[in-house]
Each structure stands twice: as C-alpha cells, then as structure tokens.
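Going line by line, the protein sequences match chains A and B.
Count the first sequence with this note's numbering and you get residues 127 to 530, in order.
Count the second sequence with this note's numbering and you get residues 397 to 723, in order.
Here the structure is laid out as structure tokens; the discussion comes afterwards.
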Amino acid sequence: MNPLQTLRFAVGGLAANKVRSGLTMLGILIGVAAVILLLAVGNGSEQAVVNSIDALGTNSLTVTSGTSSATSTATTIQPLTVADAKALANTTNAPDITGVAPEVTTSQTAIYNGVSHSVSSVIGTYPAYFQAANSKVKTGDYFSDDDVLNSRKVCVIGSTTASDLFGTASPIGKVITLGGTPFTVVGELATKGTSTSSFNDPDDTIIAPLPTVQNAFTGFGSLSQILVEAKSASDTTQATNEITTILMGTHGIGSASAVDFQVSSQTSLLATRSSSTQTLTVLLGAVAAISLLVGGIGITNIMLVTVTERTREIGIRKAIGAPKGVIMGQFLAESTLLSLIGGGLGVVAALIGSHFSIVGIKPVIIPASVYGSFGIAVAIGLFFGSYPANRAASLRPIDALRHE
Amino acid sequence: MSHSLPALRRRAAAEVAQAKSQSQSQAGAEQARGPVPVITVQRLVKSYGMGEAAVHALAGPLDEQGRPQGVNLSIHQGDFVAIMGSSGSGKSTLMNILGCLDSPTSGRYLLDGIDVGGLDEHQLSLVRNRKIGFIFQSFNLVPRTTAVAQVELPLAYAGVKSAERRRRAMAALSLVGLADRADHRPNELSGGQQQRVAVARALVTAPAMLLADEPTGNLDTRSTDDVLAIVDRLNAAGRTVVLITHEDEVARHAKRVVRLVDGQVKSDVRQAPLAGPPPALLDPLDFAEHSLHAENQNHRHTQNPHTQNPQAQNPQHALNAKTGVQG
C-alpha cells in the first residue's frame, strides 16, 4: 500500500460527498483567512502608527509647560517664553540642537470668498518648525525669517484647509480672512494624512509667523510649546538633557525634581499608542484562532459522520484484507486533505482580501501568520481526524459488515 | 509484512503435528485420506452472553454436564463443501470464524497450517488478504468504485504494483466474463454481475479457499446458475470452496454437504470424490436433468442442452490460460 494509493482512496472518498467536503473546507478556509487577515489588520494599524512617528519626525522634541509627575516638587509653574526658545537656540550650550521653533496655538475661523472653515489648529511659529515637524510644502513656499521679523500677515496652510476653502483651485497668493485678520497664503503643505489621528486632522492647519499670530490672537504672553529638533534621532537623549539644563537655568530652578516643564519625544508619545494597537492585534488573533478551532471541530464532526456512514465499506475493506494502518491512513488522509485544501484556499483568500482596506486600515500581512495558520490548519486536520480515523480502523470486521 | 506468514506457518505446522498425534478424532481419521487439510477446526465453541444466560451459536455435542464439546471439522485442499442449515443453526457463525472475521469463544482453528487464534490484528488482516476469498450474499462491493478497481483492491492491500495489479484484475474479470464491464460501477451492474465481480475479487489473490456465504441468496435462478458455474469451474481447477447455503439446489453443486442443526454437525455427506471435478461437471447432462429449478428443466426439454450449459460456453482451457490468477 503506497502513499499514492492511500491518497487516491482519500480523494475518492472526498469526491463522493462534494457538498459536505466543500462545506468542511469552507470552515477551515474561513478560519485560516480570518487569522491571516485579522492579524494583518492589527499589524496594519500598528504599521500606520510607526509611519506617523516617522511623519512627525523622529528627532523632534516637544517642550511643554507643567509638571510631569506627582513627585515633582515644583511650587510655581513659569510659562515658556520666547526667551526660553532663544536660550535653547544657543549652539554653544546646546550643541545637539539644530532647530528651535516656539509655538503658540489657537483655533480660528477662516473665510475665503464667503466660504467659511473652522481651522482646528492655527500655529504661530518660526520657519524652523517646518523642518522639526517634518512638514513639507507641496506648492508655494515657506514663510521666511524676514516675514517673522516684520510680522507679515502671511501663512502656509494644510491640505485639508486648502481643499475646504479653495476646492481644487490653487490657494497660493490668495488672501483669506482668519479671525478678522487678512492673511496671504504663500504655501500649501503636503498631505500628512495619518489615520491614527482620528481626533485631529494634521492637515487641517494654518501656520503663520509667531509675532503675527501673537499680535492678532494670542497676545505676547506664554508659548504653547517649543518644538526642538535634535541633530539626529540618536541624539534626542543628549538634546533632552541640554534642554533641561538650559531651561532650569532660565527658570532659576536648582533641583532636577522641581522642574516646571517636560520634554517629550514624539516616539515616546506614540509608543503608548503602538502598544495599545498591539493589544488589538492579539485580541483579533485570538478571535480568529477560535474560528480556526471551530473549523477543526467541523472536520472531526464530518469525519465521524463519514466513518459511521461508511462503516459497511470499512467492513468490506477489512474482510478483503485491509490492515488497520491502511484504513486509518485513508481516513487520516481524507481529513488532512480537507484541512490542506481548506487552509490553502484560506491563504489565497487572505492574500486577495489584504488588497482591500478594512475599516480604513490597510492590512499588512505578517508572513509568519501565513505559514503559522496554514501549518496549524494542517495539524488540526491530523489531530481532529485521528479520532474518527482510529475509530474506523478499530472496528471489528464482523461488526462493521453487519452495520446497516 | 508478508515475510511473517511463512514463519507463522512453520510454527503452526509443528503445532499441527503435535495436535494430530494427540487427537485420534474425526479430524485425525480424515487426515489419512489425502492432501493437507486447508481448514482444521477442533472443539470450536462460539457463545454469546455469560454463565447461565450463555447462548451457544456453535456448540457441538454436549457432555454429561451439558457443556458444549465443540465442533470438529476438517476440509481438504480442492474440496467443495456446502455447509447447510436453517437460520440459527450456526452456519453463519461458523463462516465468520472460518473467514477470520470473528473469533471463537474456545477451540482451535488452523487455516492452511496457521493457527489463527494466535494471530494479532495485523496478521489476521494478512490472512484474510492472502488466504481467504470472500463472496457475500449482499455482494458487498465498495460503493462508487469501478469493477476493475474493486478487483484490484485486495491486490492493492497486498502491495502489488499497479501494472501487475491491473493485469491480474483484468484476468480475473475475464474469468467471470465481465472484462467488458471493467469500468462500470456497482450501481451500473445487475445483481448477477455484481456477484461475479465479487467472485473475481475473491479469487484474484489466489487464496487458499473461497468462502461464500449464501452467494446466490439475492440472485434470480439465471444469475444463480452463472455464479455457481463459475464456482464449479474454480473448484474443478483446484480451488478449495466452502459455501454456505440453505438451498438444496445450490448444495447439489458441492462434493460434500455438511448439515448443521442447533450448532452441531448433524450429517456429513460426500456427494462426489475429493479428487476430480465437482458433481455439476462430472456429468453435466445428468446434473441438468435433475435440476430443481423448474425453469431450467423446461429449457432442457425444448432446447439443445449444450447451449444452456455454462460449462459448454466456457471451456475448461480458459481457466488454465489465466496463470496470473491461479498464481
């Protein structure tokens, strides 16, 4: 009895009941496809977070006012000022810092040609911001240091703001009214478009020179935050230390535990978000694994039915001399074949399915999940098929032959 | 796997010699007559249930305490034995035990020199494959499988190569006159044709004996004659046949008729000598003359008996040509 012959018997057995075999395979197919696809969705959202970290700039640091923890001994909190930003820009004290952009933020309504649009983030800053925040101009140009010094009413707008106010027309050179003040648009930013920021669209923004925004909206008081660009991603720790030292000096704080500001990197902000999507991936995977298990139980059920239905056939085969191993092999081959074909089709279905974005997330297939779930499907066929196969093989020929 | 059989046979042969010297019973007496017995059954008892409630399907004569002594039977190479009995007489139980499908409660069963009682499951499957060819009342073909594949099946289990398998299966099919039906599935064949496929499947491995359990029970008289004619010719070619039936017409074909009543051998009649052809081929005209089938007798009187006689249509030399089948 060679394996090929066993395989032919198994194929014959499966072909005898095409609908039943097909439905059982469907169970495994759905299980395997679900595992691969749901893990891919989880992985996709994780990947999106990683991409948005890159988009924000991995070497940028944010300095905000306030204490970071309950253990802080700071008694009063001094706001961040333009003077603080200027101190940070000193290259001798802070050799690892290449750019400093003080920021003030506000929300205003922009009007152009009767079209009104509420802009969630109007930022007043220095040109260094574009570099540090990894914001690139698509059309037009950045505003210059000269614009800042002269408090010119110019601005660069995000792509969402541009399309809402101007539609498809070019916004460059147009004058919009922002909170009652006219601004000339000099540039439009490239779309950052990350799906992770479900609350704030990073493309719905207007960036203008710092003194202009202070003059028009926020006043010349404190800054919202200071964006600092380190020389490289690996220098962020060094840069953080330099910022702390400098600001402790300008704020007149002696103890490191009494600082009234915090320095955070974009990476650390997003690490938390990344870990929460990881939990999501695990949950999705668990649900999918359960469906794969259910598919496996489906195989057991069908094989048990098959064994019962073919008891007489088993009796005949035993009467003409089929050894136990051959009978067992035939039924095991049938169940393994079911899971093999079902699993294979599941992989194909998942690969096709991954080309479509699911709930706004582009699935990214994890190669290990393909091999893993396919392997598990085949193992399930072997494992769940072995019980019915063993039952078939252990039948006494006389009992099997008498079965009606 | 097949290498285990000769070893088993040597071991069993020694045991047989020992058993022979010990028992001077019926089996021992028959031993002197001629060739080696294919089947030797000694003190065989098959009971269902335990203790007081025990029912003896096979008992043999009872001793003074009412305990079953068991059935003794010995069948020789080339014999054609019909085991008769009414329903419940134990003939099917005996057949199942002879076919290694069931195991006796007590007693010894030697098949072709092998003590079947001492075999494990795997060795039993080998014995069923190599030593026994089954023919069942209900044909018992594997569903959805072509005739030629049915016949190949025992060879496949025996590990015969594909080409050789096909050659021997086709030879066996042409022996039963079904070479042109090789690609038909059971549901495309008549009852008689199905039974002939079953006969081909039974003889394709060249087994030590053919075991037929009411082979004609589900067939009309015409198909019955076809199948029995094949069995007659197989026996004439030297194949040992054990046939279970309750029909006198079928039993007429046998050389020896054993009647079972209530699990005991009631009578054991020899109708034709062990050596030589079975009664149907000994004197075909006279045999047909005394057929119990009224239909056949009518035909004999109105037509040339030679056209009705299956033997005349299938000359003996056809058998001898199929050396592959005779293996």
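Idealized CB from N, CA, C, for every residue including glycine.
Asked: Buried versus exposed call for Gln461/B [16 or more other C-beta atoms within 10 Å across all chains shown]; Found: exposed
Asked: Integer Cβ distance of Val312/A from Asp267/A, believed to fall under 8 Å; Found: 6 Å
Asked: Minimum C-alpha distance to Val245/A - residue among Ser461/A, Pro297/A, Ile332/A, Ser465/A; Found: Ile332/A
Asked: Helix, strand or coil at Val431/A according to DSSP, with G and I counted as helix; Found: helix
Asked: Burial state of Ala515/A (16 or more Cβ within 10 Å); Found: buried
Asked: Whole-angstrom C-beta distance between Leu469/B and Val654/B, which should lie under 8 Å; Found: 7 Å
Asked: Endpoints, alpha helix (DSSP H) assigned at Ile506/A; Found: 493-520
Asked: Ile379/A - DSSP class collapsed to helix/strand/coil; Found: coil
Asked: Whole alpha helix (DSSP H) elements within the stretch 343-379 of chain A, 4-residue minimum; Found: 362-377
Asked: Chain-ordered chain A contacts of Asn498/B [CB-CB under 7 Å]; Found: The question names Asn, but residue 498/B in the sequence shown is Asp. Ordered by position in chain A, the residues that pass the 7 Å Cβ test against Asp498/B are Ile524.
Asked: Counted within 10 angstroms of its Cβ, other Cβ atoms place Asn216/A as buried (16 or more) or exposed; Found: exposed
Asked: Straight-line Cα distance separating Ala684/B from Pro611/B; Found: 20 Å
Asked: Distance, Ile440/A Cα to Val434/B Cα; Found: 27 Å
Asked: Counted within 10 angstroms of its Cβ, other Cβ atoms place Ile506/A as buried (16 or more) or exposed; Found: buried
Asked: Residue-chain proximity (Ala445/A, chain B), Cβ-Cβ < 8 Å; Found: yes
Asked: Stretch pair the stretch 405-420 of chain A + the stretch 159-167 of chain A: three plus CB contacts closer than 8 Å; Found: yes
Asked: 6 Å Cβ shell around Gln422/B - same chain, five flanking residues per side excluded; Found: Because Gln422/B sits at a pLDDT of 44, beneath the cut-off of 50, its placement in the model cannot be relied upon, and the point is left open.
Asked: Extent of the continuous alpha helix (DSSP H) to which Ala453/B belongs; Found: Unbroken run through Ala453/B is the beta strand (DSSP E), 451-454; no alpha helix (DSSP H).
Asked: Nonlocal neighbours in the same chain, by C-beta distance under 8 Å from Ser419/B, ignoring five residues either side; Found: With a pLDDT of only 46 at Ser419/B, under the threshold of 50, the placement of this residue in the model should not be trusted, and no figure is reported.
Asked: Enclosing alpha helix (DSSP H) for Met446/B [first to last residue]; Found: Run containing Met446/B: none; DSSP gives neither H nor E here.
Asked: Buried or exposed by the 16-neighbour rule on C-beta atoms within 10 Å, applied to Asp386/A; Found: buried
Asked: Among Pro673/B, Val661/B, Val600/B, the one whose alpha carbon lies nearest that of Ile479/B; Found: Val661/B
Asked: When Asn128/A, Asp210/A, Leu463/A, Gly153/A are compared against Ile369/A, the one with the closest alpha-carbon; Found: Asp210/A
Asked: Under the three-state DSSP convention, the category Asp682/B falls into; Found: helix
Asked: Whole-number beta carbon distance between Thr437/A and Ala526/A, since they are thought to touch under 8 Å; Found: 5 Å
Asked: Beta-carbon proximity list for Thr719/B, same chain, < 6 Å, skipping 5 on both sides; Found: Bear in mind that a pLDDT of 41 at Thr719/B, under 50, signals an unreliable position, so the number given afterwards is only what the model happens to contain. Around Thr719/B: no qualifying Cβ.
Asked: Buried versus exposed, by CB contacts within 10 Å (16 or more), Leu130/A; Found: exposed
Asked: Minimum Cβ-Cβ distance from His580/B to chain A less than 8 Å; Found: no
Asked: Chain-ordered neighbours of Lys450/A on chain B, where CB pairs are closer than 9 Å; Found: Glu517, His518, Ser521
Asked: Straight-line Cα distance separating Asn341/A from Pro308/A; Found: 13 Å
Asked: Beta-carbon neighbours of Asn492/B, restricted to chain A and to distances below 8 Å; Found: Ile524
Asked: Within the stretch 143-230 of chain A, ranges of the alpha helix (DSSP H) (whole runs, at least 4 residues); Found: 144-182, 208-214
Asked: Three-state class that DSSP yields for Ala236/A in the structure shown; Found: strand
Asked: Beta-carbon spacing of Val339/A, Val226/A below 8 Å; Found: no
Asked: Cutoff 8 Å: Tyr444/B Cβ touching any chain A Cβ; Found: no
Asked: Heavy atom of the ligand FAD within 7 Å of Asp210/A beta-carbon; Found: The ligand FAD is not part of the structure shown, which contains no ligands of any sort.
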